[in-house]
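Visitor: Dropping a structure here in structure tokens format, bear with me for questions.
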Amino acid sequence: MGATYHQLCPAAKAMELFDERWTLLVVRELVLGSKRFNELRRQLPTMSPTLLSKRLHRLSIAGIVEKCVVDDDVHYALTESGRDLRTVVDALGAWGARWLDTADDAHALT
1040 MGATYHQLCP
1050 AAKAMELFDE
1060 RWTLLVVREL
1070 VLGSKRFNEL
1080 RRQLPTMSPT
1090 LLSKRLHRLS
1100 IAGIVEKCVV
1110 DDDVHYALTE
1120 SGRDLRTVVD
1130 ALGAWGARWL
1140 DTADDAHALT
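Counting from 1, position 68 in the sequence shown corresponds to residue 1107 in the numbering used here; the numbering is continuous, with no gaps.
Structural data, given as structure tokens:
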């Protein structure tokens, strides 16, 4: 788990979940339609499989992602609260496109 802010503010409570590296990017990929573990890995190639598993597990505990298993078929799906994050992902993407010059240095903020 990431930082605990000890705040009652809903934004601070949300950040306790999303301040961990890669977490919101995993949600972004699920919003964009990736469903299987290997699809997520292809879209996030520098993220280790172990860390991806941890993030999916944490998102599952938080009620944002559900792991669906039918016979040998395993996929991940956003819950209602996870689908509601689409507006957050879209807004962050729009803000980044407008205000961050990603062409100069893709890793400037890392």
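Every residue, glycine too, gets a C-beta built ideally from N, C-alpha and C. All figures in this text were calculated on a predicted structure; none of them were measured in a lab.
(1) If V1070 sits next to R1125, beta carbons under 8 Å apart, how far is it from one beta carbon to the other, in whole angstroms?
(2) Hey, out of L1063, K1074, P1088, whose CA is closest to A1116's CA?
(3) Taking the alpha-carbon positions, what's the S1224 to R1080 distance?
(4) Once DSSP output is grouped into helix, strand and coil, what is the label at L1047?
(5) Could you pull out every residue in the same chain whose Cβ sits closer than 6 Å to the Cβ of L1098, ignoring the five residues on either side in sequence?
(6) Less than 8 Å between the CB atoms is what I'm expecting for L1056 and A1101, so what's the real figure, rounded?
Guide: Once the coordinates are examined:
(1) Between R1125 and V1070 the Cβ distance is about 5 Å, and since that is below 8 Å, they are a contact.
(2) Minimum Cα distance to A1116 is reached at K1074.
(3) With the chain running from 1040 to 1149 in the structure shown, residue 1224 is simply not present.
(4) Here DSSP, grouped into helix, strand and coil, assigns L1047 to coil.
(5) Closer than 6 Å at the Cβ level, and outside the excluded window around L1098, lie V1104.
(6) Yes, L1056 and A1101 are in contact; Cβ-Cβ is about 6 Å, under 8 Å.
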